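Here the structure is laid out as structure tokens; the discussion comes afterwards.
Residue numbers (the working numbering): 1 to 62.
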């Protein structure tokens, strides 16, 4: 996903930052690639969310 030439970043959040966020991230990235789109992504857990600079994410999926 790009807007004004900048690749968008998606932050996936779940309780542990492992299982659910991994499945959702993989399905989302597959969907984007199937539609000719690309994005950066990061995964984290809920407890670490306050430490994450949320300004770096264009979309947060929790």
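Ideal placement from N, C-alpha and C gives every residue a C-beta, glycine not left out.
A quick note: this is a predicted structure, and the numbers were derived from the prediction, not measured.
Distances from the CA of residue 58 to each of 35, 39 and 45 were compared; the closest alpha carbon is that of 39. Cβ-Cβ distances below 7 Å link residue 29 to 41 in the same chain, with the five nearest sequence neighbours on each side left out; the list follows chain order. Bounds of the alpha helix (DSSP H) holding residue 28 are 19–34.
Under the DSSP assignment, residue 54 falls outside any beta strand (DSSP E); it carries neither an H nor an E label. C-alpha of residue 6 to C-alpha of residue 36: approximately 15 Å in a straight line.
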